[in-house]
Amino acid sequence: RKVAEQTARVVDLPTRTELDDVYRRLHDLTREVHGLRRELRALRQTGGDKRAVIKSDKGS
Numbered sequence: 008r009k010v011a012e013q014t015a016r017v018v019d020l021p022t023r024t025e026l027d028d029v030y031r032r033l034h035d036l037t038r039e040v041h042g043l044r045r046e047l048r049a050l051r052q053t054g055g056d057k058r059a060v061i062k063s064d065k066g067s
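Under this note's numbering, residue 67 is the last one in the sequence shown; the count climbs by one each step, no gaps.
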C-alpha cells in the first residue's frame with residue numbers, strides 16, 4: 008500500500024488515504040444535510056416553534 012501511495016503521489020493522482028478521507032467527509036456532510044433538512048421540515052410543520060422541534064427530537 009505504501010508503494011502504491013508513493014507512486015500515486017509521483018504521478019499526481021489521489022492516494023487511497025486521500026480518497027478515504029474525502030469519502031468520510033462526504034458521508035459526514037451528507038448525514039448533516041439530512042439532519043438539517045429533517046429539522047427544517049419539523050420547524051415548518053410547527054410554525055417555527057424551535058422548542059417543539061427540540062422536544063420531538065429528544066423523543067426519537
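Using N, Cα and C, we set each Cβ at its ideal position, and we do this for glycine too.
Nothing here was measured: the structure is a model prediction, and the numbers come from that model.
- No Cβ-Cβ contact shorter than 7 Å links T24 with A15.
- DSSP places V40 inside the alpha helix (DSSP H), whose first and last residues are R23 to Q52.
- Assignment of V10 by DSSP, reduced to helix, strand and coil, places it in the helix class.
- Setting aside the 5 residues that flank it on each side, V29 is surrounded in the same chain by P21, each with a C-beta closer than 8 Å to its C-beta; the list follows chain order.
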